[in-house]
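Residue numbers are given in this note's numbering: position 403 of the sequence shown equals residue 983, and the series is strictly consecutive.
Cβ atoms here follow ideal geometry from the backbone N, Cα and C, with glycine treated the same way.
Here the structure is a predicted model, which means the values were calculated and not measured.
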Amino acid sequence: MSPCNDLILSCDEIEDTKLLSLVASILLAQGNKGEVAAVGQRIVKVLERRLPEGQSAQHLLPVLSNVISLSPESLTEEQTSIVSKKMADWLRYASTQQGVARPSGGGGFFSSPRTRQPGRVTEVDGATSTDFFTVLSVGQYYTQDQWLNIQAFSMLRNWLLCYGGKGPKTTSSDDKSGSVMSLVSSAPTSSRLLPPKERLREKAFEYCQRLIEQSNRRPLKKDDGDLQKACLIEAVTIMDIICKQDSSYVYRTVSFLKTLHSRICGDTAYARALLPIAQFFLNHSKMAALDSDAIYRHLFTDIPAQLFHNLSLAFEFVQFCKDNSQLFTDTSSIFRQSFPNLFKFLAWNSPPLISEFVDLLPFLLDAGTAIEIFHLLLDLPCLTAALDIQLRSAALPTSERAASNPAVKPATSLEAFRHPLYKSMFQYLLRTKSAPEDAPERLIPLRQLLGSQASSPRVVLCADTVPVLLELFFRVVAEFADGPLINQLVVLLLQRSDQLYEIPAFKDDVYRVLSSQLVMLCRLHPALIVELSTEILEFSGAVSNIQNKEVIFTHVVWAIGEYLSVSYDKRCTVEQINRFFETLEAVLFEITQLRPLASTPSYAPRAISVLMATLTKLAARCQDLIPRVSMFLSKMRTFVKSPAVTSVYCEEDLEELLIRATELMNLLKMPSVAQFVFTPPVEVASTRFQREVYDSLPSALRIVTHLLEPTPGFMPG
């Protein structure tokens, strides 16, 4: 900003193009919309007239590019037509002669009496150029119009996006631009008669065609090869924009890009160029009545499998999927079938791609893919380890890549990659397409083998992303899952809790997510407690689960007490309640019995508390069990006062356990009240008496305790 009011910058009267560019840059940096518009008006006005000798528009185009980025609406339709006309000429009619080097000294007319006339520009392979100049033409020195050609191409995409459409209908000719005039625009011979906007499209299209042809030449320098690839991507993108704005170009472009795809699809160096080609066919194949599945299949099958380790390509590829996710799900099944391949990008490049996959995952999920994606998310760190082994194996000399001896157990994971016993496991983990019929249990030996890589920084970073995606997975699945799918997920949740990659922090985070989502699944489909009674009894009856998976065990037991009720499922019988009761009673007895000759193992106080509460809930629904629960609860005072117990539990935990046992025992003295507290009507349980997930009793429990043991000043309301 100007340091004082007396110093005010203005570009209104500046004629020198270089000075104008400097002043305009300062004005644009101030961010004032009025100044941006004023700069744009002035630059177009200068460009409109013939520049004096020694002046060049070369200094003004970068500033104009900034103007349209900051405020495209600052230029009028008339002004954009002026610039479009000039851009068409800059793109198509730049000199094909090389520029002359500027003399280094004072010189003069007689200083170089035998200066040779410069030759024509060349192609990247050294051949003399016989066509018009482009950014891929090579010269030792460039003329002013050649620099303008290069600058015009650099801002062409943004210009077309801002001003290449139909725009305001100010004249009758504009109304025809999408129909009759667009057909004329496809004919190069009539381009002189076209309005500026259509003429720019025509010249830009010719320019892009020439760039694609030039990209087929073998460059003499590596830098020229990199430039070829960048220009190829830009050219295809611009052709796609032109076809969106004028559909008459589609038919000319389709065959051209199909030939290009056939030429470059086998070369991984051109992988990035496959994305704009696929984008073109996504946008226009329906109109051209083309089957483009072969192009999509190659893109989604080969590129992620071969180039998952290229971070910039990975980002662009996932962004491409994100931008077209809805279109893919509507037009092609290849997108969803290829999700195992897409997750290779995340496995290798997490956490940089986590936010992109958070947006992408909902489009990959449906009833047909949910189970396989659930397994894939839990095995994501294993996939990272397997990809690392795949890369290291590919880097080995050919002589060392032979298959291992089947009779000899592999000593390392790298040897296992080529071992016949593990080969099919690696192939399944590294698959490129969905394989829902295959059993993930086959990966159990491979997870153990890959344990040596569990501390790898890349594997650990990948493991950190899994809990985030798991939570998202369950949120999305909850929107469409029916009873059978929820049952299947709960069974797998219990099974896979024993089949995780051995990273302690990873397992703890996954257990936390799975336990909270188990509660959500039970709330969606309470009947699963009855329908999956065998699996749930097997899990909750294992004392080892309290030590290894306490958080999941606690939530399973809580769900039994909450939903094993005829209120939620009419199929719930007294026999089933007794089966669950006896199983949980045995577990609680096992973890609270006193062993005078052995050390007392420590179990989570929360698990003991939830077991007591669940047994009390079941007894309230089957009152023949009340005496057994009451007797057990009365013995908790002996348990918490035992020296063996006080040596392994803290005083606060033991006090809480005793309070909880006393509350439950008091409540069972009033069976009818206990039944209401523990099994309220469903419509009540889902409203004001609804509990938090980690609270094992309804809020009414405290009220009843006060009723049984009144305290001064307590007035039940």
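Exposure label - residue i; buried when at least 16 CB within 10 Å
i	result
residue 978	exposed
residue 796	exposed
residue 966	buried
residue 1024	exposed
residue 1174	exposed
residue 717	buried
residue 1211	exposed
residue 1128	exposed
residue 634	exposed
residue 1035	exposed
residue 1033	buried
residue 1232	exposed
residue 723	buried
residue 1218	exposed
residue 1082	exposed
residue 947	exposed
residue 888	buried
residue 593	exposed
residue 777	buried
residue 1223	exposed
residue 1037	exposed
residue 1143	buried
Simplified DSSP state of residue i, which is helix, strand or coil
i	result
residue 656	coil
residue 718	strand
residue 710	coil
residue 1079	coil
residue 1217	helix
residue 677	strand
residue 1131	helix
residue 700	strand
residue 636	coil
residue 1067	helix
residue 1248	helix
residue 1141	helix
residue 993	helix
Own chain residues within Cβ distance below 8 Å of residue i, not counting five before or after
i	result
residue 868	830, 831, 834
residue 589	582, 603, 606, 607
residue 674	712, 713, 723, 725, 726, 728, 729
residue 703	709, 716, 717, 718, 794, 797
Nearest-angstrom Cβ-Cβ length linking residue i and residue j, presumed shorter than 8 Å
i	j	result
residue 1158	residue 1230	At roughly 35 Å, the Cβ-Cβ gap does not stay under 8 Å, so residue 1158 and residue 1230 are not in contact.
residue 1101	residue 1090	Not quite, the Cβ-Cβ distance comes to about 16 Å (not below 8 Å), so this is no contact.
residue 853	residue 812	5 Å
residue 1194	residue 1138	7 Å
residue 914	residue 972	The Cβ separation is near 30 Å, so there is no contact.
residue 936	residue 970	Not really, about 23 Å apart at Cβ, beyond 8 Å.
residue 961	residue 1043	4 Å
residue 881	residue 918	7 Å
Extent of the continuous alpha helix (DSSP H) to which residue i belongs
i	result
residue 1091	1084-1104
residue 1052	1037-1057
residue 735	Element bounds for residue 735: n/a, residue is neither H nor E.
residue 1031	Residue 1031 -> no alpha helix (DSSP H), and no H or E assigned at all.
residue 909	905-911
residue 614	613-628
residue 929	919-929
residue 805	802-825
residue 957	950-958
residue 602	597-609
residue 1191	1185-1201
residue 939	934-944
residue 1007	1000-1009
residue 849	Taken as a continuous stretch (DSSP letters only), residue 849 belongs to no alpha helix (DSSP H), as it is neither H nor E.
residue 788	776-794
residue 646	641-650
residue 878	873-887
Close beta carbons around residue i, own chain, < 6 Å, minus the five adjacent residues each side
i	result
residue 1095	1131, 1132, 1135
residue 1205	1161, 1199
residue 698	677, 678, 680
residue 804	704
residue 824	none
Own chain partners of residue i with C-beta closer than 7 Å, once the 5 adjacent residues on each side are dropped
i	result
residue 671	729, 732, 733, 783, 784, 787
residue 1058	1100, 1104
residue 1275	With a pLDDT of 46 at residue 1275, under the threshold of 50, the modelled position of this residue cannot be trusted, and the question is left open.
Minimum Cβ-Cβ distance from residue i to chain B less than 8 Å
i	result
residue 672	Although the question refers to chain B, the structure presented lacks it and comprises just one protein chain.
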